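Engineer: 1 is the number of the first residue of the sequence shown in full-length UniProt numbering; add one for each residue after it. All C-beta atoms, glycine included, are put in the ideal place defined by N, C-alpha and C. Computed from a predicted structure; not experimentally measured.
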Amino acid sequence: MLNYTTATMVFLAVFLLNRYAWQEPIMGTALLVFFFGFYGQRLGKRILARHEPIFQTGIGALVLSSAILILGTFIYYLAFLPSELWTLFVLLAPVGVWLLTPGHKTRFHFPNRDLFHARRHRLNRADLILVILSILLLVALFQLIGNVEIFDAVRSTWERIPHAVLWLFFLLLSALGALAMKGHERSFTLPLVMLTLFLAVGIAALVYPLGFGFDSFLHQATESHIAQFGTIDPKPFYYIGQYVVVLFTSEAFTLPLVLVDRFLLPVLAAVLLPLAWYFASASLGSDKRAAMFSTLGVFLLPLSAFIVTTPQGLANLFTILLVLLSLPYLSSRECPSLGSLWLIGLATFAIHPLAGIPALLYLVLMTLRTTNPPNQPNRTQPASRGLRNWRQILRACGSKFRRQFPTATKDPSALLPSTSLRAGGMTRAAIAPRSKATRNTVFFWLVALLGSVSLPTVFILNALFSGLELNFSFVALTPTRLIESLHMDLIFQSGFNTFLDFVYIWSGAALLAFVLITIYILVREKTMPRDLFLPALMAMILFVNYALMKSALDFTFLINYERSNYADRLITLIFFFLTPYVALFLMRVWHAVRARDTISRTFTLMILVGLLTSQLYLTYPRRDNYDTSRGFNTGAADFLAVDYIEEHAPDDYIVLANQQVSAAAVYANGFKRYYGDVFYYPIPTGSALYQFFLQMNERPSREIMQEAMKLAQVNTAYYVVNDYWWQSERLIETAKLEADDWLAIDNGKVHVFRYNYINLR
């Protein structure tokens, strides 16, 4: 075992050399892994004292990153984020971890838990074949996907990725399913699940060299601006948590910011999700083999939430990790402690409030529900645990008041006065716990009720303070509209394609399946701990919020097809809060089929693998007989158009272009031009400049461009048309009639039209 002081001194020496002299990304990657691995495991020993190192490292790294995230966010709003701050964080982190973990001692009285290891045994031939087959399939998939590079604007990722990838994924998941069904080789199966999950959520990061999506370009530009200047004006009220994580990783360990941003979420999801799922499942059940099989459930989640690094995506990951890690505490009051969970919840809020508010609401409900009165100790820990924690804190601070706490008693009620207050024959010691329990129950349901309208309330208040137009009406709140918004009609749709029929039946039925599984587990699981109803209650609260935001709120400051975007994100969170019951259900499935014949086990496994493969296909934008993605990715021609305009335009100009071209402009040039409140490209979509862009798309005219130039008070404007628009030919020919100049870029993939302001007076 490495000596902590020696390892720290060597690490810091190499870190400083690489930070200020070598600046080698490979060395930086190794230092990053050591930082979160070594210090995360040390911190994890404090949080999960009786568990295996693999879980200690995972939870420790998560808590350590949450602490850095929260501290960095606080400093940003207080002042700014200089580059030297990240070096200071790395230098102080070992000291902070050492102070929190003196000698790895713990006073928590939890039983030893062996959730991962198995008895020493030989790897049998069947398992060896499955492991080797899985590795070969992973190599083949990495090679196939790695050979794909998408530079053009396409609607669907699957247009360029060979169809063989889906079949290989099916075979890989089948091999993993067989390994997980046997459940013995967890030390092989869990890493293979992590690698497979990375492939599933990392395709976009691997095949789009220029970047994927729209929001990621804006966030990368913001991160670059903060890295250069330490802040951005005006300071945003959201997203800083992600910026802190990206900047800390990039600046401290000398890694390219763009690559850090691109791979951050897929890598974290691939490593932490299977680990947390298995940890939660193993804590809920007594059979580690069933828990390993249950871990395949990570592929049933809406994985599209993790394919590109955005604040919403990162906050989604923290939310589901919070839900999974809370299960041991809810079931038996085991670690991680409530304090660690609160730290993760606060980090989620610092990343994105749309996920952070539900996370904090869940923690408030959990705190009220699980805070027991003094004479009702928790099931697996002594009632004096709270007193021991406080004595430890007081002793660490050198307080002289420690002697006031008795050490011989295990009963905190001994601290109460011995005098009895007669009230119907009850003493003060009997009255106090009951009144506290009643008060907690009242607060619990009051918080749940208020939480059901919390997100619409926040949006309304934000609109009032920011001057955005937002309408609210209960008249629009109808069951028919809600059912239509869930797209369950896909269950009954047929496109005469067996594979796609199966895929879209699952797409329409996934949420319903999660709900039915939850109801089944809550009704049939007789031994389930009573507090495990909390995630289901939270899902119900989120559905009420979803119903209000989807029907009663009208986000008029957004364009039509984006107005349901915020509400739709809550569906993903509902999935996450229902995952505990899916985990329990999969464990029940394993117990039900393990004693059956081979045909029954194989049939069950094939159905599950089919669902997992379907979920992979649904993860990325699609273009088929059932669904066509609305958007295109930002292509090389978009960047060429931006570069041409920047090179040939005067100092002051505006551009009317779609979101893909605008994303390329922000990525390439940052936020370099503002004319009052008007950005020189038409973003966001609620801006006045975007309305002029929509008018140009109906019928291009100089009059519209004149009005746009008058708004920004500039003399030059550009109109950009992409060739994939359904009416691009008409727009191009019409724009040529009045434009002062035009140019076709990249064989006509993009047309750029220039307009000069003419004073008509």
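Quick one, which of 626, 221, 632 has its alpha-carbon nearest residue 154's?
Structural biologist: Ranking 626, 221, 632 by Cα distance to residue 154 puts 632 first.
Engineer: Do residue 11 and residue 94 have their C-beta atoms within less than 9 Å of each other?
Structural biologist: Contact flag set, yes.
Engineer: Take residue 367 and list the residues in its own chain whose beta-carbon comes closer than 7 Å to its own, dropping the five residues that flank it on each side.
Structural biologist: Closer than 7 Å at Cβ, skipping near neighbours: 338.
Engineer: In the DSSP assignment, what are the bridge partners of residue 578?
Structural biologist: According to DSSP, residue 578 bridges with nothing at all.
Engineer: Use the C-beta contact count for residue 722: other C-beta atoms within 10 angstroms, 16 or more gives buried, fewer gives exposed.
Structural biologist: It is buried - the Cβ of residue 722 has at least 16 other Cβ atoms within 10 Å.
Engineer: Whether or not the region 247 to 255 and the region 215 to 234 are in contact is what I'm after, with contact meaning three or more pairs of Cβ atoms, one per stretch, closer than 8 Å; do they touch?
Structural biologist: Short answer: they touch.
Engineer: Using C-beta distances below 8 Å, list every residue in its chain close to residue 605, excluding the 5 sequence neighbours before and after it, in chain order.
Structural biologist: Answer for residue 605: 174, 177, 178, 181, listed in chain order.
Engineer: Closest to residue 303 by C-alpha separation, out of 210, 200, 32, 327, would be which residue?
Structural biologist: Checking every option, the nearest Cα to that of residue 303 belongs to 200.
Engineer: Please state whether DSSP places residue 51 in a helix, a strand or coil.
Structural biologist: Coil, per DSSP.
Engineer: Between the C-alpha atoms of residue 308 and residue 462, what's the straight-line distance to the nearest angstrom?
Structural biologist: Cα to Cα, the separation comes out at about 27 Å.
Engineer: Between residue 90 and residue 43, how many whole angstroms is the CB-CB distance? I'm expecting something under 8 Å.
Structural biologist: About 15 Å separates the two Cβ atoms, so there is no contact after all.
Engineer: Hey, residue 719 and residue 740: beta-carbon distance below 9 Å or not?
Structural biologist: Contact flag unset, no.
Engineer: Helix, strand or coil: which one does DSSP assign to residue 151?
Structural biologist: Reduced to three states, the DSSP call for residue 151 is coil.
Engineer: Which stretch, first to last residue, makes up the beta strand (DSSP E) that contains residue 755?
Structural biologist: Unbroken beta strand (DSSP E) run through residue 755: 750 to 756.
Engineer: Quick one, which of 41, 29, 591 has its alpha-carbon nearest residue 4's?
Structural biologist: Comparing Cα positions, the closest option is 41.
Engineer: According to DSSP, simplified to helix, strand and coil, what is residue 380?
Structural biologist: Caution applies to residue 380, whose pLDDT of 40 falls short of 50 and renders its modelled position unreliable; the value that the coordinates give is listed next. If DSSP states are grouped into helix, strand and coil, residue 380 belongs with coil.
Engineer: Which residues in the same chain as residue 613 place their Cβ atom closer than 8 Å to its Cβ, once the five residues preceding and following it in sequence are excluded?
Structural biologist: These residues qualify, in order along the chain: 166, 169, 170, 173.
Engineer: List the endpoints of the continuous alpha helix (DSSP H) containing residue 497.
Structural biologist: Counting along the chain, residue 497 falls outside any alpha helix (DSSP H), and DSSP gives it neither H nor E.
Engineer: Where do the ends of the alpha helix (DSSP H) carrying residue 719 lie?
Structural biologist: Segment 716 to 722 is the beta strand (DSSP E) holding residue 719; no alpha helix (DSSP H) there.
Engineer: Could you tell me the distance, in whole angstroms, from the CA atom of residue 352 to the CA atom of residue 634?
Structural biologist: Rounded to the nearest angstrom, the two C-alpha atoms are 25 Å apart.
Engineer: Please classify residue 9 as buried or exposed, where buried requires at least 16 neighbouring CB atoms within 10 angstroms.
Structural biologist: Exposed is the call here.
Engineer: For residue 732, which residues in the same chain have their Cβ closer than 7 Å to its Cβ, ignoring the five residues on either side in sequence?
Structural biologist: Cβ within range, chain order: 721, 751.
Engineer: Rounded to whole angstroms, what's the CA-CA distance from residue 88 to residue 24? Just pull it up for me.
Structural biologist: Taking the straight line joining both Cα atoms gives about 19 Å.
Engineer: Using DSSP with H/G/I as helix, E/B as strand and the rest coil, what is residue 437?
Structural biologist: DSSP places residue 437 in helix when its eight states are reduced to three.
Engineer: What's the call for residue 424, buried or exposed, on a 16-neighbour Cβ count within 10 Å?
Structural biologist: Unreliable positioning characterises residue 424 in this predicted model, as indicated by a pLDDT of 47, which lies under 50. A coordinate reading is not provided.
Engineer: What residue range does the beta strand (DSSP E) around residue 655 cover?
Structural biologist: Here the beta strand (DSSP E) through residue 655 covers 654 to 656.
Engineer: Expressed to the nearest angstrom, what Euclidean distance is found between the alpha-carbon atoms of residue 745 and residue 212?
Structural biologist: Whole-angstrom Cα-Cα distance: 21 Å.
Engineer: So, residue 525 versus residue 588, is the Cβ gap smaller than 9 Å?
Structural biologist: Closer than 9 Å, so yes.
Engineer: For residue 675, which beta-bridge partners are listed by DSSP?
Structural biologist: In the DSSP output, where bridge partners are listed per residue, residue 675 has 678.
Engineer: Enumerated in chain order, which unbroken segments of the beta strand (DSSP E) with a length of 3 residues or greater are wholly contained in the region 322 to 377?
Structural biologist: The qualifying runs do not exist here; there are none.
Engineer: How about the region 566 to 577 and the region 259 to 267: do they share at least three Cβ pairs that are nearer than 8 Å?
Structural biologist: Cβ pair count under 8 Å is below three, so no.
Engineer: Does DSSP put residue 739 in a helix, in a strand, or in coil?
Structural biologist: Here residue 739 sits in coil by DSSP.
Engineer: Compare the beta carbon distance of residue 545 and residue 454 with 9 Å and say whether it is the shorter of the two.
Structural biologist: In this structure, residue 454 lies closer than 9 Å to residue 545 by Cβ.
Engineer: For the putative contact between residue 73 and residue 350, defined by C-beta atoms under 8 Å, what is the C-beta separation to the nearest angstrom?
Structural biologist: That pair is a contact at about 4 Å.
Engineer: Where are the alpha helix (DSSP H) runs, 4 residues long or more, that stay fully inside the region 510 to 557, in chain order?
Structural biologist: Whole alpha helix (DSSP H) segments, 4+ residues: 534 to 547.
Engineer: Which of the three DSSP states, helix, strand or coil, is assigned to residue 712?
Structural biologist: Helix.
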